[in-house]
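Heads up, the sequence shown is in this note's numbering, so the first residue is 15 and it goes up one at a time. C-beta: ideal position from N, C-alpha, C; glycine also. A quick note: this is a predicted structure, and the numbers were derived from the prediction, not measured. One structure below.
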Amino acid sequence: MKVFEVMTTRVVTIEMDDRLTVVKEILDQAPFRHLLVIEDEQLQGVISDRDLLRCLSPFIGTDAESVRDKNTINQRAHQVMTRSPVTANSEITIRDALTLMLAHNIGCLPIVDDGKIEGIFTLHDGLRALLDTALI
Numbered sequence: 015m016k017v018f019e020v021m022t023t024r025v026v027t028i029e030m031d032d033r034l035t036v037v038k039e040i041l042d043q044a045p046f047r048h049l050l051v052i053e054d055e056q057l058q059g060v061i062s063d064r065d066l067l068r069c070l071s072p073f074i075g076t077d078a079e080s081v082r083d084k085n086t087i088n089q090r091a092h093q094v095m096t097r098s099p100v101t102a103n104s105e106i107t108i109r110d111a112l113t114l115m116l117a118h119n120i121g122c123l124p125i126v127d128d129g130k131i132e133g134i135f136t137l138h139d140g141l142r143a144l145l146d147t148a149l150i
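Structure representation (structure tokens):
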């Protein structure tokens, strides 16, 4: 089975200069955990919900919030994203995609064909595909 059969094709992207307030708002309201960062419609990086949590102050929105804490939310996407992410094309098998993800310890693979973002394949997509095809 190929990745294009199970990948998510409705991908949310953000620009490199978008502030983390935008990233947080999207991830807080969406049922997914990864955003693709683009510039001139070309993939530049990936930001996960874990990346966001790692860089934000835990005091944002509390009585203990300081100016320094507020500054963490005003960072730009390019300051936090994983640059030059591992990608695959849509013809890769699910097995090979999962193997690649495990080898690089990543939770998603942007799917890029001829420089164009076609979708995103996540561990969730892979697990769902395996369960759908398994004889359990």
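Residue from A111, R97, R68 whose Cα sits closest to the Cα of I87
In the sequence shown, counting from the first residue as 1, residue 87 sits at position 73. When only C-alpha atoms are compared, the closest one is R68.
Taking Cβ positions, are I134 and I120 nearer each other than 8 Å?
Here the question's residue 134 lines up with position 120 in the sequence shown. Here the question's residue 120 lines up with position 106 in the sequence shown. The Cβ-Cβ distance between I134 and I120 does not fall below 8 Å.
To the nearest angstrom, how far is the alpha carbon of H48 from that of L114?
The residue labelled residue 48 in the question sits at position 34 within the sequence shown. The residue labelled residue 114 in the question sits at position 100 within the sequence shown. Between H48 and L114, the C-alpha separation is close to 17 Å.
For L66, does the three-state DSSP call read helix, strand or coil?
Position 52 of the sequence shown, counted from the start, is the residue given in the question as residue 66. Reduced to three states, the DSSP call for L66 is helix.
Do the region 96-104 and the region 71-82 make contact, defined as three or more Cβ pairs closer than 8 Å?
No, because fewer than three Cβ pairs between the region 96-104 and the region 71-82 fall closer than 8 Å, the two stretches do not touch.
Among the candidates L112, D128, I74, whose CA atom is the shortest distance from the CA of Q56?
Looking up residue 56 in the sequence shown gives position 42. Of the residues L112, D128, I74, the one whose Cα lies closest to the Cα of Q56 is D128.
Alpha carbon to alpha carbon, how far is D146 from K16? Give it in angstroms, no decimals.
In the sequence shown, residue 16 corresponds to position 2, counting from 1. In the sequence shown, residue 146 corresponds to position 132, counting from 1. Cα-Cα distance, rounded: 14 Å.
Which stretch, first to last residue, makes up the alpha helix (DSSP H) that contains G140?
Working through the sequence shown from its first residue, we reach residue 140 at position 126. Looking at the DSSP string, the run of the alpha helix (DSSP H) that includes G140 is 137-147.
What does DSSP give as the partner residues of P124 in its beta bridges?
In the sequence shown, the residue the question calls residue 124 occupies position 110. DSSP output for P124 lists I134 as bridge partner(s).
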